[in-house]
Amino acid sequence: MDLPLILRNLVSLADYIYEDLPPGPKIIPMNWVVNLQKGGTAFFVLTLMTYFNNFSPSCWYYLSLHGTYGLIWLLKDQFFQDTSLQNKKMTIPSALLAWVLILGPYWTGAVLVTTQVSPQTVDALQLSLAISLCTVGCCVMMMADLQKWIFLKEKKNGTHHMTTLMSDIWYGTRNPNFLGEMMIYGSFTVVIDHWLFYVIILYSWCSIIAMRMLAKELSLQKKKEWSQYRNQSWLLLPRPSWRNSPSVMLFTYVIGVLGVFLFLQSR
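Using the numbering used here, the first residue of the sequence shown is number 179, and each one after it goes up by one.
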């Protein structure tokens, strides 16, 4: 089923807001804006910890998870760049708005934990879930982006006959990179465990990530393999299939994690 017109218009509106908001010109590479926030997270958290003199376990756990993710992101950008970010440029107003609406709010967790608004201790089950989510999420994101980078490189060199990436980690889900990133940010919410941070992360998932997934759907619908790929995969969660064991493993893991998270919330 093709995307309804209203969703197509929303995707176009999001592109306009985050790339073309006047006045121009488009001079700022999008990956610079994203990398600044991701790579600056560890320094931001350490600065807040020092300023508020708060070196509680939760602060260190959060710094370890979110700060390390920022480093992983920068390393990934150096070795196999995300062309969807690297090849796009933004106007200055669009870059500022991206910080105000998306990138800046991601740092709310650091503010909540260092100012002691959120819990200052994390029990063993919470921490175990957060570490597991962040670890698996980083692996899924890295595998997906690396496979995408190799695919596009082979496609450019004319050594790949397919027009759609639809194998291995991409077999059962059309957005394994976003799934991995959602796992990562989900791990941060487990450590912070505050309603405001839950709302902010859900907001980011339902806005920018949802828009980027819809934009990808529009692109995939133009590919000749779209019908086959749509039937073998789901939008986000991996569709279990005996043809692809990683999809079964990842689907089982996600369901298990959701169960543990719901158990934690019910205690």
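Cβ coordinates follow ideal geometry from the N, Cα and C atoms, glycine included. A quick note: this is a predicted structure, and the numbers were derived from the prediction, not measured.
| message | Quick check on the DSSP output: the alpha helix (DSSP H) that includes Asp-323 runs from which residue to which? | response | To locate residue 323, count along the sequence shown from 1; it is residue 145. Asp-323 -> alpha helix (DSSP H) spans 302 to 334.
| query | Apart from the five residues on each side of it in sequence, which residues of its chain come closer than 7 Å, Cβ to Cβ, to Gln-294? | reply | By 1-based counting over the sequence shown, the position of residue 294 is 116. Only Asn-232 meet the Cβ criterion.
| C-alpha distance - Ser-365 paired with Leu-307, whole-angstrom precision | In the sequence shown, counting from the first residue as 1, residue 365 sits at position 187. In the sequence shown, counting from the first residue as 1, residue 307 sits at position 129. Those two C-alpha atoms are separated by around 7 Å.
| query | Starting from Trp-238 and walking both ways along the alpha helix (DSSP H), at which residues does that stretch end? | reply | Here residue 238 refers to the residue found at position 60 when the sequence shown is read from its first residue. Element bounds for Trp-238: 235 to 240.
| field | Residue nearest to Val-432 in terms of C-alpha spacing, selected from Asn-422, Pro-418, Gln-443 | value | Within the sequence shown, residue 432 is the residue found at index 254, counting from 1. Comparing Cα-Cα distances from Val-432 to each of Asn-422, Pro-418, Gln-443, the minimum goes to Pro-418.
| Could you give the distance in angstroms between the alpha-carbon of Lys-204 and the alpha-carbon of Ala-192? | Your numbering for residue 204 matches position 26 in the sequence shown. Your numbering for residue 192 matches position 14 in the sequence shown. Rounded to the nearest angstrom, the two C-alpha atoms are 15 Å apart.
| request: Output the distance between the C-alpha atoms of Phe-441 and Val-435, rounded to the nearest integer angstrom. | output: Stepping through the sequence shown from its first residue, residue 441 is reached at position 263. Stepping through the sequence shown from its first residue, residue 435 is reached at position 257. Their Cα atoms are separated by approximately 10 Å.
| Helix or strand or just coil, what does DSSP make of Ile-205? | Counted from its first residue, the sequence shown places residue 205 at position 27. DSSP places Ile-205 in coil when its eight states are reduced to three.
| field | For Thr-367, the three-state DSSP class (helix, strand or coil) | value | Within the sequence shown, numbered from 1, the residue matching residue 367 stands at position 189. Helix, per DSSP.
| task | Let me know the secondary structure DSSP gives Ser-296 once reduced to three states. | result | In the sequence shown, counting from the first residue as 1, residue 296 sits at position 118. Coil.
| said: What residue range does the alpha helix (DSSP H) around Ser-190 cover? | reply: Taking the sequence shown and counting its residues from 1, the one referred to as residue 190 is at position 12. Element bounds for Ser-190: 183 to 193.
| request: Pull up the distance between the alpha-carbon of Cys-317 and that of Met-427, whole angstroms please. | output: The residue given as residue 317 occupies position 139 in the sequence shown. The residue given as residue 427 occupies position 249 in the sequence shown. Computed Cα separation, rounded: 13 Å.
| query | For the putative contact between Arg-186 and Leu-396, defined by C-beta atoms under 8 Å, what is the C-beta separation to the nearest angstrom? | reply | Along the sequence shown, read from residue 1 onward, the residue named residue 186 stands at position 8. Along the sequence shown, read from residue 1 onward, the residue named residue 396 stands at position 218. The Cβ separation is near 7 Å, so the contact holds.
| field | With 16 other Cβ atoms within 10 Å as the buried cut-off, status of Ser-382 | value | The residue given as residue 382 occupies position 204 in the sequence shown. Ser-382 should be labelled buried.
| task | Compute the distance between the beta-carbons of Phe-230 and Thr-292, then report whether it is under 8 Å. | result | Along the sequence shown, read from residue 1 onward, the residue named residue 230 stands at position 52. Along the sequence shown, read from residue 1 onward, the residue named residue 292 stands at position 114. The answer is yes: Cβ separation under 8 Å.
| query | Cα-Cα, which of Lys-334, Thr-219, Leu-226 is closest to Gln-250? | reply | As a first step, residue 250 is located in the sequence shown; it is residue number 72 there, counting from the start. A small fix is needed here, since residue 250 is Ile in this sequence, not Gln. The option with the nearest alpha carbon to Ile-250 is Thr-219.
| query | Roughly how many whole angstroms lie between the Cα atoms of Ala-302 and Glu-403? | reply | Taking the first residue of the sequence shown as 1, we reach residue 302 at position 124. Taking the first residue of the sequence shown as 1, we reach residue 403 at position 225. So the two alpha carbons sit approximately 46 Å from each other.
| said: On the criterion of 16 or more Cβ atoms from any shown chain inside 10 Å, does Asn-335 qualify as buried, or is it exposed? | reply: The residue labelled residue 335 in the question sits at position 157 within the sequence shown. Counting Cβ neighbours within 10 Å, Asn-335 comes out exposed, since fewer than 16 surround it.
| said: What does the alpha-carbon distance come out to for the pair Thr-341 and Trp-238? | reply: The count along the sequence shown starts at 1 and reaches residue 341 at position 163. The count along the sequence shown starts at 1 and reaches residue 238 at position 60. In a straight line, the C-alpha of Thr-341 is about 44 Å away from that of Trp-238.
| Met-268 bridges to which residues according to DSSP? | Counted from its first residue, the sequence shown places residue 268 at position 90. The partner list for Met-268 (beta bridge, DSSP) reads Ile-206.
| Span of the alpha helix (DSSP H) around Thr-341 | Your numbering for residue 341 matches position 163 in the sequence shown. Segment: none, Thr-341 is in no alpha helix (DSSP H) and carries neither H nor E.
| field | Rounded distance between the beta-carbons of Leu-199 and Ser-272, thought under 8 Å | value | If you number the sequence shown from 1, residue 272 lands on position 94. If you number the sequence shown from 1, residue 199 lands on position 21. Indeed they touch by this definition, with Cβ atoms about 4 Å apart.
| field | Check whether Ile-370 and Ser-296 have beta carbons under 8 Å apart | value | Within the sequence shown, numbered from 1, the residue matching residue 370 stands at position 192. Within the sequence shown, numbered from 1, the residue matching residue 296 stands at position 118. In this structure, Ser-296 lies closer than 8 Å to Ile-370 by Cβ.
| task | Note down, in chain order, each residue of its chain lying with its Cβ closer than 7 Å to the Cβ of Pro-416, except the 5 sequence neighbours on either side. | result | Within the sequence shown, the letter at position 238 stands for residue 416. Gly-350, Thr-351, Ser-425, Leu-428, Phe-429, listed in sequence order.
| request: Measure the alpha-carbon distance for Leu-398 versus Met-208 and round it to whole angstroms. | output: The count along the sequence shown starts at 1 and reaches residue 398 at position 220. The count along the sequence shown starts at 1 and reaches residue 208 at position 30. Those two C-alpha atoms are separated by around 22 Å.
| query | In chain order, what residues of the same chain lie with their CB nearer than 8 Å to the CB of Lys-394, ignoring the 5 residues before and after it? | reply | Along the sequence shown, one-based indexing puts residue 394 at 216. So the qualifying residues of the chain are Arg-352, Asn-353.
| said: Using only the alpha-carbon positions, how far apart do Leu-226 and Ala-288 sit? | reply: Position 48 of the sequence shown, counted from the first residue, corresponds to residue 226. Position 110 of the sequence shown, counted from the first residue, corresponds to residue 288. Computed Cα separation, rounded: 8 Å.
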